[in-house]
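Every position in the sequence shown, counted from 1, becomes a number in this note's numbering once 99 is added. For each residue, glycine too, the CB sits at the ideal point set by N, CA and C. Input: a single structure, listed below in structure tokens.
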Amino acid sequence: MKKKITFTVVLLMIFSSIYSQEKLITPTYLKKGDTIAIVAPAGILKNRQATIQKAKKLAEKWGLNVVLGKNIFNNGQHFAGTDSERCQDFQDALDNKNIKAIWSARGGYGSVRILDKLDFTKFKENPKWVIGYSDITAFHNHIHNLGFETIHGMMATSLEEKPEEITATISSFKKALFGTEISYQIPSAKHNRKGVVKGEIIGGNLAILASMLGSKSQLNTNGKILFIEEIGEYKYSIDRMLQSLKRAGYFTKVKAVIIGNMTSIKKNSTKWGSSIEQLILDVIPEDIPVLFNFPAGHEADNRAMIFGRNIKLTINRSAKKSIVTFTKD
């Protein structure tokens with residue numbers, strides 16, 4: 100009996116230790132006078148100097164100092180410089196304790212090529228916000244597994260959208276950066292699966308999530324709320340990636356799924372035969388709540404989210420609005 104009790108106590112201590120470590124570290128919120136770095140870890144910024152200056156001025160308007168990666172406008176054919184140059188800019192920003200946030204200039208493709216070249220030792224000593232979406236999902240996933248929150252939000256090139264269409268985008272980004280409470284009311288969609296859940300939000304771009312499978316950057320979605328968005332894919336391609344996540348157990352013990360923008364879905368010569376919403380629902384177990392049409396991803400209205408943060412999610416259908424609230428507990 101004593102052995103059984105001792106064994107039970109040890110197990111409880113182990114589980115307690117695991118759960119006590121689950122809460123991610125929140126980098127320090129920004130304040131006036133802080134410095135951020137704009138770097139380009141992925142796609143080339145051809146003829147976009149004016150856009151980057153516009154982003155710089157926006158941050159300066161908020162009272163921040165801005166430094167640009169020294170290789171930000173380099174030409175590496177598809178990329179903003181060579182892998183080594185892009186890596187160096189990101190590493191410099193990670194290592195500089197005076198830089199409080201790393202703002203990605205754009206996505207595209209290329210982050211995964213430098214991910215394993217980076218040393219996060221000094222970042223762990225002085226954590227800072229890493230910001231972006233799309234291809235920057237590679238960083239979100241990797242840094243999540245290191246135990247730190249990140250911001251899924253607009254990038255510098257988001258400022259190329261029409262000003263009147265990105266008001267909410269910019270406002271939500273500033274709130275996330277400066278630590279103001281974030282809460283969204285979302286018009287409910289008919290395909291929603293109702294539910295009220297609390298949990299840690301993780302995820303990002305579907306293609307990048309699938310590309311992280313089998314690596315140390317693969318996410319553990321157990322007990323989490325998974326966010327997904329995508330652009331420019333065929334339905335069969337979206338289904339293939341979702342099936343890959345399903346086989347990897349992404350939907351087995353997830354608390355809920357949030358679907359962001361599914362932008363510019365391509366038409367195949369052979370029709371898929373169902374809506375994109377039904378395609379997604381077919382992959383997710385029936386007892387899992389699902390929220391559609393969350394305004395984040397590859398659209399002008401791209402609301403900021405803090406990945407790794409606990410949220411309260413109330414999903415409704417019909418006339419009632421759904422609510423997504425980021426908590427600070």
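Of the listed residues ILE201, LEU305, LYS345, GLY175, nearest to GLY331 (C-alpha basis): LEU305
4-residue-minimum alpha helix (DSSP H) runs that sit fully inside the segment 189–229, ordered along the chain: 210–214, 220–224
Exposed or buried, which one is THR236 when buried takes at least 16 other CB atoms within 10 Å? buried
Under the three-state DSSP convention, the category VAL382 falls into: helix
Put PHE247 into one of helix, strand or coil per three-state DSSP. strand
Cβ pair count under 8 angstroms reaching 3, the segment 247–260 against the segment 382–390: no
Of the choices VAL166, SER271, ASN392, LYS289, whose alpha-carbon is the least far from that of ILE405? SER271
Compute the distance between the beta-carbons of ILE324 and VAL295, then report whether it is under 8 angstroms. no
Taking only three categories from DSSP, how would you classify LEU308? helix
From the DSSP output, which residues share a beta bridge with ALA136? VAL166, ILE201
Inter-residue spacing [alpha-carbon to alpha-carbon] between SER310 and GLY348: 15 angstroms
According to DSSP, SER282 sits in a beta bridge with which residue or residues? THR424
Cβ shell of SER233 (< 6 angstroms), same chain only, five flanking positions each side left out: GLY206, ASN304
For HIS290, I'd like the list of residues in its chain whose CB is within less than 6 angstroms of its CB, leaving aside the five on either flank, ordered along the chain. GLU376, PHE391
Measuring only the C-alpha atoms, how far is PHE114 from ASN321? Bear in mind that the predicted position of PHE114 carries a pLDDT of just 38, short of 50, making it unreliable; the figure below should be weighed with that in mind. About 15 angstroms.
Only counting the same chain, and skipping five residues up and downstream in sequence, which positions put a Cβ closer than 7 angstroms to that of ASN173? ALA179, GLY180, GLU184
Nearest-angstrom beta carbon gap, PHE326 and GLY302 [assumed within contact, 8 angstroms]: 4 angstroms
Since ILE143 and LEU167 should fall inside the 8 angstroms C-beta cutoff, what is the C-beta to C-beta distance between them, to a whole number of angstroms? No, ILE143 and LEU167 are not in contact; Cβ-Cβ is about 15 angstroms, not under 8 angstroms.
With a threshold of 8 angstroms, are at least 3 pairs of Cβ atoms found where one atom belongs to the segment 280–290 and the other to the segment 129–143? no
Between the CA atoms of LEU308 and THR413 - distance to the nearest angstrom: 25 angstroms
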